[in-house]
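**Q** Each step along the sequence shown adds one to the number in our numbering, with nothing skipped, and position 396 is 1070.
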Amino acid sequence: MTDPRRVLHPAPPGALNADALPRRPRAVVVGAGIAGLAAATGLAERGIEVEVVERESYLGGRVGGWEDDLPDGTPVTMNRGFHAFFRQYYNLRHLLSRIDPGLRMLVPVEDYPLIDAQGRVDTFRGLPQSPPWNALVFALRSPTFRLRDLVRVDGRAAGPLATVSVPDIYDRLDHVDADKFLRDINFPEAARHLAFEVFSRSFFALPEELSAAELATMFHIYFLGSSEGLVFDVANANFDEALWQPMRERLEGLGVRFHTGVSVREVAETDGQQGFRVHCDSGTTLDADGVVLATDVTALRDIVGRSPSLGDADWRARVDALGTAPPFVVQRLWLDRPVHPDRPAFLGTGGRPPLDNVSVLERYERQAAEWAGRTGGSVVELHSYAAVGPAGASEATGSVTDELPGRLLARLHELYPETRDARVVGELVLRRQDCPRFAPGDFDRRPGVATPTDGLALAGDGIRIDLPVALMERAATTGWSAANQLLGGFGIAGHALVTVPTEGRSPTLSRLIARAERDAS
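(1) Would ARG1227 and VAL1099 qualify as a contact pair, given that the criterion is a beta-carbon distance under 8 Å?
(2) Do the stretch 759-766 and the stretch 1141-1152 touch if we need at least three Cβ pairs shorter than 8 Å?
(3) So is VAL1247 buried or exposed if we call it buried at 16+ other beta carbons inside 10 Å?
(4) For GLY1066, which residues from the same chain have a beta carbon less than 8 Å from its beta carbon, with the 5 sequence-adjacent residues on both sides left out?
(5) Please state if the CB of GLY1136 and the CB of ALA968 are separated by a distance shorter than 8 Å.
(6) Under the assumption that ASP790 contacts THR818 (Cβ atoms under 8 Å), give the Cβ distance between them as a whole number of angstroms.
(7) By alpha-carbon positions, which one of GLU1092, ARG720 and PRO841 ends up nearest to VAL1143?
(8) Check for me: the beta strand (DSSP E) holding GLN1041 runs from which residue to which?
(9) So GLU725 is in the beta strand (DSSP E); what residue range does that whole segment cover?
(10) Grab me the residues of THR1071's own chain with a C-beta within less than 7 Å of its C-beta, minus the 5 sequence neighbours each way, in chain order.
(11) Give the DSSP-derived three-state secondary structure of SER900 in the structure shown.
(12) Tell me the DSSP secondary structure of GLN1159 in three-state form.
(13) Might you give, ordered along the chain, the residues of its own chain that have their beta carbon closer than 8 Å to the beta carbon of SER686, omitting 5 neighbours on each side?
(14) Quick one: Cα of GLU1039 to Cα of GLU1101, how far?
(15) Can you give me the Cβ contacts of GLY1115 inside the same chain, cut-off strictly under 8 Å, excluding the 5 residues immediately before and after it?
(16) How would you label TRP807, buried or exposed, when you count the other beta carbons within 10 angstroms and need 16 or more for buried?
(17) Out of ALA1060, ALA1113 and ASN912, point me to the one whose CA is closest to PRO1027's CA.
(18) For SER1033, collect the residues of the same chain with a Cβ closer than 6 Å to its Cβ; drop the 5 residues on either side in sequence, then sort them by chain order.
(19) Do the CB positions of MET633 and ALA909 come within less than 8 Å of each other?
(20) Excluding the five sequence neighbours on either side, which residues of its own chain have a C-beta within less than 6 Å of the C-beta of VAL965, listed in chain order?
(21) Among ALA692, GLN948, ALA995 and VAL1053, whose alpha-carbon lies nearest the alpha-carbon of PRO1015?
(22) Counting only beta-carbon atoms, is VAL993 nearer than 8 Å to chain D?
(23) What are the boundary residues of the beta strand (DSSP E) that GLY739 is part of?
(24) Taking 8 Å as the cut-off, decide whether the C-beta atoms of ILE773 and MET675 are in contact.
(25) So, using beta-carbon positions, are PRO1126 and GLY979 closer together than 8 Å?
(26) So if DSSP puts HIS933 in a beta bridge, which residue, or which two residues, is it bridged to?
(27) Excluding the 5 residues flanking PRO684 on each side, which residues of the same chain have their C-beta closer than 6 Å to its C-beta?
(28) Specify the secondary structure class of GLU1177 as computed by DSSP and reduced to three states.
(29) Can you look up GLY1122 in the DSSP assignment and give me helix, strand or coil?
(30) Within a Cβ cutoff of 6 Å, which residues of the same chain sit near ASN691, ignoring the five residues on either side of it in sequence?
(31) So what's MET892 in DSSP terms, helix, strand or just coil?
(32) Out of ARG815, THR1049 and ASN860, which has the shortest C-alpha to C-alpha gap to GLY833?
(33) DSSP three-state call for MET752: helix, strand or coil?
(34) Check for me: the alpha helix (DSSP H) holding THR972 runs from which residue to which?
(35) From what residue to what residue does the alpha helix (DSSP H) around ALA987 run?
(36) Just grab the DSSP bridge partners of GLU1101 for me.
Written out as structure tokens, the structure is:
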């Protein structure tokens, strides 16, 4: 948090905590991912009685971790793969600081190289932190972006990238897909595949299926809107040990009760009085004064569909219209020999389908490092985001599923030739399709944190919030905001939020682009 221009969004006012009320309110948070844990933290810290219902046996949602076994019975830890904790993830870091103010569970990764099909490599190492020099230096030293390419970029059409204002950027660009937008501004094709495709796949989407407004907002968050830089941190151990077990212990110390391995079937408003009754598949019924639904998109649609008293017709239609991104595949390999010591912790790829990312886990994760030290091998992870086949068929369904791990392994051999002779002593493959969709036109109909039902709030990275946040930070921010929504209804003060600037940082650049747009019209 070194950017002096980061924006503080003040906490909603109210009583200091629930001690000022005649009765202590009760809240149920459905989902124990980042959004749900942020909401539970925000409520519990103000003295609300909180119960958290989580369908999995572990916390963390899509950033959860668990124990598994290799085919030979060797116990290992497992998760859904690489997550970058960027320095501008202020609200997520505020959550994690509850278990360690120094955030010692996170370790920095100094670079995240990108390599394309021709072997050209981009790097984030040594970039200046201040906008716009960070983006300019990145572009000019890239092997896929030459000075003449910069001259050919349509500055007027590219204006929204440099003058992002949230939420106005969605009015300007949400109807356009990211691929068309980049073509319209004459962004060089090679650079588009290597750099911007990596951003789009962070949303588990192909560029032609991603809103250009989301792409522009990400460009603002990571380049032109923030001076925190593109260096990020990663968890130093499997997520359950590094993050969520300590978080659970802290929340239980605040009186929070967890119900894991339990799904919510229905949320009903209590007849004749303000409140809710939460029905679980375990047969348990939980009464609450407020409810936060912090689930993935599919579970949210299912719960609302089985809860006819919630919301109004328009809101229910908005929830039902939420979509999921294409499936993704994570293949983790335990190899009998190490990769070369100069291999980076993370390598992003472009133009090498179906591979999008290679992670060498022993570079940063304690459990993988212990296994590698004990066996002399390596733990390598291969990711296929937006796993869609050549004909548009899902890579995670049908016969393509059986072929995908082999194709990913062939790409690993291509990039890291020393692995060709390595024996795979263990392999685990995850296939999931539960990330929210951010397609053109989705934003306007996306439901927000507040709902038409008093005492009911939504949270998650698929929920609308009109602030410059994305991915894990959007989950954390909506979680805090959902807590604020319930706290406000109880008359209790909320929690402040922090974001990168909500508008472009350069007034001069904004004025020049606005003038160019007026002249062109």
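Even glycine gets a Cβ: it sits at the ideal position worked out from N, Cα and C.
**A** To lay it out plainly:
(1) The first residue shown for the chain is 675 and the last is 1195, placing residue 1227 beyond what the model contains.
(2) The stretch 1141-1152 and the stretch 759-766 touch, with three or more beta-carbon pairs separated by less than 8 Å.
(3) A question about residue 1247 goes unanswered here, because the residues of the chain that appear run from 675 up to 1195.
(4) Locating residue 1066 in the sequence shown gives position 392, where the first residue counts as 1. Since pLDDT at GLY1066 reaches only 43, below the 50 mark, its modelled position is unreliable, and no value is offered.
(5) Within the sequence shown, the letter at position 294 stands for residue 968. Within the sequence shown, the letter at position 462 stands for residue 1136. Judged by beta-carbon spacing, GLY1136 lies beyond the 8 Å limit of ALA968, meaning their Cβ atoms are not closer than that value.
(6) Along the sequence shown, read from residue 1 onward, the residue named residue 790 stands at position 116. Along the sequence shown, read from residue 1 onward, the residue named residue 818 stands at position 144. Right, the Cβ-Cβ distance comes to about 7 Å (below 8 Å), so this counts as a contact.
(7) The count along the sequence shown starts at 1 and reaches residue 1143 at position 469. Residue PRO841 holds the alpha-carbon nearest to the alpha-carbon of VAL1143 among GLU1092, ARG720 and PRO841.
(8) Here residue 1041 refers to the residue found at position 367 when the sequence shown is read from its first residue. Careful: GLN1041 lies outside any beta strand (DSSP E), inside the alpha helix (DSSP H) at 1040-1049.
(9) For the purposes of this step, residue 725 is taken as residue 51 along the sequence shown, with counting starting at 1. 723-728 is the extent of the beta strand (DSSP E) around GLU725.
(10) Counting from one through the sequence shown, the residue named residue 1071 turns up at place 397. Because the pLDDT of THR1071 is 43, which lies under 50, any placement of that residue in the model is unreliable, and the question is left without a value.
(11) Start at 1 with the first residue of the sequence shown, and residue 900 comes out as number 226. Note: SER900 maps to coil in three-state DSSP.
(12) By one-based count along the sequence shown, residue 1159 stands at place 485. Shown here, GLN1159 sits in a helix according to DSSP, grouped into three states.
(13) Locating residue 686 in the sequence shown gives position 12, where the first residue counts as 1. Per the sequence presented here, residue 686 reads as Pro, with Ser not at that position. If we look at PRO686 and ignore the five residues flanking it on each side, its Cβ neighbours are ASN1158, LEU1161, GLY1162, ALA1167 and GLY1168.
(14) Reading the sequence shown from its first residue, position 365 is the one you call residue 1039. Reading the sequence shown from its first residue, position 427 is the one you call residue 1101. Taking the straight line from one Cα to the other gives about 17 Å.
(15) By 1-based counting over the sequence shown, the position of residue 1115 is 441. Excluding sequence neighbours, GLY1115 sits near ASP848, HIS849 and SER885.
(16) Looking up residue 807 in the sequence shown gives position 133. Around the beta carbon of TRP807, fewer than 16 other beta carbons lie within 10 angstroms, which makes this residue exposed.
(17) As a position in the sequence shown, residue 1027 is number 353, starting the count at 1. Per the Cα distances, ALA1060.
(18) Here residue 1033 corresponds to residue number 359 of the sequence shown, with the count starting at 1. Shown here for SER1033: same chain residues with a beta carbon closer than 6 Å to its own, the five before and five after excluded, namely PHE756, PHE1020 and GLU1055 in chain order.
(19) Here the chain has residues from 675 to 1195 only, and residue 633 is not among them.
(20) Locating residue 965 in the sequence shown gives position 291, where the first residue counts as 1. These residues qualify, in order along the chain: VAL702, VAL941, PHE950 and LEU1130.
(21) By 1-based counting over the sequence shown, the position of residue 1015 is 341. The shortest Cα separation from PRO1015 among ALA692, GLN948, ALA995 and VAL1053 belongs to VAL1053.
(22) In the displayed structure, chain D is absent; only one protein chain is listed.
(23) In the sequence shown, the residue the question calls residue 739 occupies position 65. Per DSSP, GLY739 belongs to the beta strand (DSSP E) from 739-743.
(24) Residue 773 sits at position 99 when you count from the first residue of the sequence shown. Residue 675 sits at position 1 when you count from the first residue of the sequence shown. Between ILE773 and MET675, the C-beta gap is not smaller than 8 Å, which leaves the two residues out of contact.
(25) Translated into positions along the sequence shown, residue 1126 becomes position 452. Translated into positions along the sequence shown, residue 979 becomes position 305. In terms of Cβ geometry, PRO1126 and GLY979 do not form a close pair [threshold 8 Å].
(26) As a position in the sequence shown, residue 933 is number 259, starting the count at 1. Beta-bridge pairing links HIS933 to VAL727.
(27) The residue labelled residue 684 in the question sits at position 10 within the sequence shown. ALA1170.
(28) The sequence position of residue 1177 within the sequence shown is 503, counting from 1. In the structure shown, the three-state DSSP call for GLU1177 is strand.
(29) Within the sequence shown, numbered from 1, the residue matching residue 1122 stands at position 448. Residue state, collapsed to three classes: strand.
(30) Position 17 of the sequence shown, counting from 1, holds the residue named residue 691. Excluding sequence neighbours, ASN691 sits near ARG720 and GLY721.
(31) Locating residue 892 in the sequence shown gives position 218, where the first residue counts as 1. In the structure shown, MET892 falls within a helical segment according to DSSP collapsed to helix, strand and coil.
(32) Translated into positions along the sequence shown, residue 833 becomes position 159. Closest by alpha carbon: ASN860.
(33) The residue given as residue 752 occupies position 78 in the sequence shown. MET752 falls in the strand class under three-state DSSP.
(34) Looking up residue 972 in the sequence shown gives position 298. Counted as a single uninterrupted DSSP element, the alpha helix (DSSP H) harbouring THR972 occupies residues 971-979.
(35) As a working mapping, residue 987 is identified with position 313 in the sequence shown. In the DSSP annotation of this structure, the continuous segment of the alpha helix (DSSP H) that includes ALA987 starts and ends at 987-995.
(36) The residue you call residue 1101 lines up with position 427 of the sequence shown. Paired residues: LEU1007.
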